[in-house]
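Here the protein sequences line up with chains A and B, keeping their order.
Under the UniProt record's numbering, the first residue of the first sequence is numbered 1, with each subsequent residue one higher.
Under the UniProt record's numbering, the first residue of the second sequence is numbered 1, with each subsequent residue one higher.
Glycine residues also receive a C-beta, built at the ideal position from the N, C-alpha and C atoms.
This report concerns only the one structure given below.
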Amino acid sequence: MPTVAPLDLSGHCIAAAFLAGVPHFALADGTIHRLDHGHKTSQANDGLLCATLDQTGAKLITGGEDGKVFATGPDGEATIVAEAGRKWITSVAAGPQGAIAFATGRSAFVRFTDGRTKEFVHPRSAEGLAFAPKGMRFGVARYNGATLHFPATEGKPVELEWAGAHTGITFSPDGNFVVTAMQENALHGWKLADGKHMRMTGYPAKVKSLSWSARGKWLASSGAPAAIVWPFSGKDGPMGKAPLELGTRGNSMVTSVACHPSEEIVAIGYHDGMVIAARFADSKEVLLRRPGKGAITSMMWDEDERRIAFGSEAGDCGVIDITG
Amino acid sequence: MSDAQTQIPVTVLTGYLGSGKTTLLNRILSENHGKRYAVIVNEFGEIGIDNDLIVESDEEIYEMNNGCVCCTVRGDLIRVVEGLMRRPGRFDAIIVETTGLADPVPVAQTFFMDEDVRSKTSLDAVVALVDAKHLPLRLKDSREAEDQIAFADVVVLNKTDLVTPEELRDVEAAVRAINPAAKIHRTTRAGVKLDEVLDRGAFDLKRALENDPHFLEAHDHDHDHECGPDCDHDHHHHDHDHHHSHSGHGAVSPIHDVTVQSVSLRGGEMDSKKFFPWIEKITQMEGPNILRLKGIIAFKDDPERYVVQGVHMIVEGDHQRAWKDGEKHESRLVFIGRELDAERLKNSFDACQAA
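Given below as C-alpha cells:
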C-alpha cells in the first residue's frame, strides 16, 4: 500500500521537487521547505512565482516578484544568479551547461554559467520558456506563436506562428516537437522538421501542467476531468490519433500530471487534492492520496522511482511512497 | 466556482494623463481606511508611496482565438492577478490603473472571460477620471477618452476649479450624453469620497443599479437641442405610447465630438420567453457595437426584479430582489455603444412585452 508522509505548510506551493534525493517545496511566499532529517526552511525570493530544477537536478531555480532569480542548493543556501529590476520574473527554464533562461515583460534573458547574460526582446510578452533537449536552443511562448532562439550563436530565431495567446511551452525529449499551452483551453504543436501544425483541443479548462513520458512517447496534460495523454511515438505526433483519458472523475478536474521516469505510468493530481497513478496500457488506477485541502499544483518522482513529492494550492504538501 | 466571500474585488481606474488618476491612487494608498490594496500599474511613475504591492505590467491585449473580434483580454492582468492571488492574505482588494490611451474593454472582459481570474476575483467598478478643463479637446482628438467615459460606472469630473460654471455644465452634459448610467462626481484635486469609488458592486447583479439614481430616473425629455451639421439622427419628436417615454439618443451635449450614443428603453412587464432570445440575439449580433448594457426587467408573473448587465457579447442576468409593495413593475434597459439602431432596438424590445 502506498503511504503518505504529509508536510502541512501554509501557502500556495509553486514547486515540489527532489534535489539530490531530498524533497523540496517552494512556496509563493519565497520560503523553500525541505525534508532532510527533519523539516528545514530557507528563504529565496520575496514573492516566488516560478521554479524549475537545473539540468543536474542539484539546484532549484526560482524567479519572483522581487525581480530576482535565485538558485537554491540541497543545503538550503540560496544565491542570487540574476536581477532584472522591479518587474516580476514570470518564467524560468534551465538549459545545458548550467544555462538559465528567465522572462520579464517582453524580454527573455539567457544567463550562461560564466555569468554572461543575453537579452532577447520580443514585440509582445514572453510568456513561457523552455530549453530544447539538445544544443543551446530555447523557445519562448508568445502571442500568436513561439520563437526559438539560439543564444550561443548570432543565428536568426525561428518563428512558429499560430493565432492566439501561447502561455507555456515544452520540447519533446527527442527534440522533434514543440508544444505550447494556450490561453483558450488547447495545446498547439509544431513538428520542427517541416513546421506541420498539431491542434490538440477539447479541454474544458486551461492546460497548466504537461509531462513527457519515458523516451517522450506520450505527453500527459491537465485541464480536463481526466489526464489527457497524447501519443507522440509516430512521426507526425498525435495527428489523427485519439488521446488516452486516464483517471477520469466526475467531480474533480486534473490540475497536475507527472509521468513516471521509466515506465508508462502517470501520477495524476486533482483539484480536490487527490492523487492517483494510472497505467497507460490498461488504464489501471491506484489511489495514492485521498483528497486534501487544495488543488495539486506540482508533483515530481524521485530517481529511485519510489517516491512522489507533491504540493498543493493550500499548502498541504507531502511525499508519497508507492512501495509503502 | 469559489464562493463570493473569497473573491477579491477589483476596481479599474481609467483616465488621461493629468486627469488626477495618480492623485486619487495616492489617496487610496495613503488614507487611513484600514484596507490594503494591491495596485497594478503600467508604469511606477509618480506613485509616491512605497508599497511592494504595486506591480508594473506591460499592457498586453490578447484576442481570443474564437473568431470574435471583441473577445479580448489583458494577458498581463491574467498573469499578475494569478500571481497576486497565490498570496491573498496580503491585500483586501486590487486596483488596476490603466494608461490614458488604454481600452477599458479588455481589462473588464478579463474578469469575465478568464476562468481562473473569474473564480478568484470580481470586477467591482470601472472608474473614469475626467479632466473638466481638457475633456472637450480630448473628445476631439481621441476615441479612447470617449470609450473610457462610455464604459465607466463612476465618472470623477475633476479639476472643476479650472473651468467656468458654464463650461462645467457643458462638460457634464457631454459626459451624461455619452453615458447616462454612470454616477458623476464633481471634484477638485480628485477629492471624491473613497467609498464613492471603491466597493461599488457595479458588476454585482445583486447590487448593480440599486445605487444608480440617473439610470432609474425617467428620461422624459424631448430632443429639443441644437445639432451641428454632422448630426444625423432624426429630428422629429417620437410619439411613444405612454410607458415608452424615451428612445434614440440619450441626452445630447453641446460638445458634439462624440461617436458613442446611448439608447434607453422603457417598457412594462416583459414575456421571458420573448425577452431572453431577444437579448441573446441582440448581444450576439450587435455585440461589437455595445460597450455596456444595464437593465432592470419586470417579467410577467414574476415576484422578483430581474437585472441584466453586459459588456460587448458577454451578458449576465439574475434575480435581484422582490418587487416592493407599490413599486411600479417597469422594465428599463440602457445600451451604450456605437452605431446602435435605436429605432430597431426599441421596436424589438417592445415586441418582448407580455401580452
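- Using a C-beta cut-off of 8 Å, the stretch 147–161 of chain A makes no contact with the stretch 204–220 of chain A, since fewer than three inter-stretch Cβ pairs fall below that distance.
- Just so you know, the alpha carbons of Pro157 (chain A) and Ala146 (chain A) end up roughly 10 Å apart.
- Looking at the backbone, the Cα of Leu205 (chain B) and that of Gln320 (chain B) are separated by about 7 Å.
- When rounded, the separation of the alpha-carbon atoms in Glu59 (chain B) and Glu339 (chain B) is 28 Å.
- For Glu56 (chain B), the C-beta contacts it makes with chain A under 7 Å involve Arg86, Lys87, in order along the chain.
- Taking a C-beta distance under 7 Å as the contact criterion, Gly310 (chain B) and Cys70 (chain B) do not qualify as a contact pair.
- The C-beta separation of Thr164 (chain B) from Thr188 (chain B) comes to about 14 Å, leaving the pair out of contact by the 8 Å criterion.
- The beta carbon of Tyr62 (chain B) falls within 7 Å of a beta carbon belonging to chain A, placing the residue at that interface.
- Annotation: Ser57 (chain B) is outside any alpha helix (DSSP H) and is labelled neither H nor E by DSSP.
- Shown here, Gly15 (chain B) sits in a strand according to DSSP, grouped into three states.
- For Glu43 (chain B), no chain A residue has a Cβ inside 8 Å of its Cβ, as the nearest lies near 11 Å away.
- Distances from the alpha-carbon of Thr117 (chain A) to those of A:Ser125, A:Ala220, A:Ala103, A:Ala130 put A:Ala103 closest.
- Residues of the stretch 74–101 of chain B with a C-beta less than 8 Å from any C-beta of chain A: Gly75, Asp76, Ile78, Arg79, Val80, Gly83, Arg86, Arg87, listed in chain order.
- Residues of the stretch 8–37 of chain A with a Cβ closer than 8 Å to any Cβ of chain B, in chain order: Gly11, His12, Ile14, Ala28, Asp29.
- Exposure of Lys35 (chain B) is indicated by the presence of fewer than 16 other C-beta atoms within 10 angstroms of its C-beta.
- Listed in chain order, the alpha helix (DSSP H) elements of length 4 or more contained wholly in the UniProt domain "CobW C-terminal" (260–353) of chain B are 272–286, 342–350.
- Contact between Met64 (chain B) and Glu184 (chain A) is confirmed by a C-beta separation of about 6 Å, below the 8 Å threshold.
- Burial is judged here by how many other beta carbons sit within 10 angstroms of a residue's own beta carbon; Ile80 (chain A) has fewer than 16 and is exposed.
- Rounded to whole angstroms, the separation of the alpha carbons of Leu27 (chain A) and Thr72 (chain A) is 13 Å.
- Pairing His166 (chain A) with Ala141 (chain A) gives a Cβ-Cβ distance under 7 Å.
- For Glu144 (chain B), the secondary structure class from DSSP, reduced to helix, strand or coil, is helix.
- Close partners of Asp116 (chain B) in chain A (Cβ separation under 8 Å): Lys206.
- Excluding residues up to 5 positions away in sequence, Ile297, Ala298, Phe299, Lys300, Ser331, Cys352, Gln353, Ala354 lie with their Cβ nearer than 8 Å to the Cβ of Met270 (chain B) in the same chain.
- A check of alpha carbon separations from Phe349 (chain B) across B:Arg292, B:Ser272, B:Asn289 identifies B:Ser272 as the nearest.
- Contacts with chain B (Cβ-Cβ distance below 7 Å) from the stretch 180–202 of chain A involve Gln183, Glu184, listed in chain order.
- DSSP, read as helix, strand or coil, puts Asn26 (chain B) in helix.
- At a C-beta separation below 7 Å, Ala163 (chain A) has these neighbours in chain B: Asn65.
- Residue state for Met113 (chain B) is assigned as helix, using DSSP reduced to three classes.
- Pairing Cys50 (chain A) with Cys317 (chain A) gives a Cβ-Cβ distance that is not under 7 Å.
- With a threshold of 7 Å between beta carbons, Gly105 (chain A) makes contact with chain B.
- Residue state for Leu101 (chain B) is assigned as coil, using DSSP reduced to three classes.
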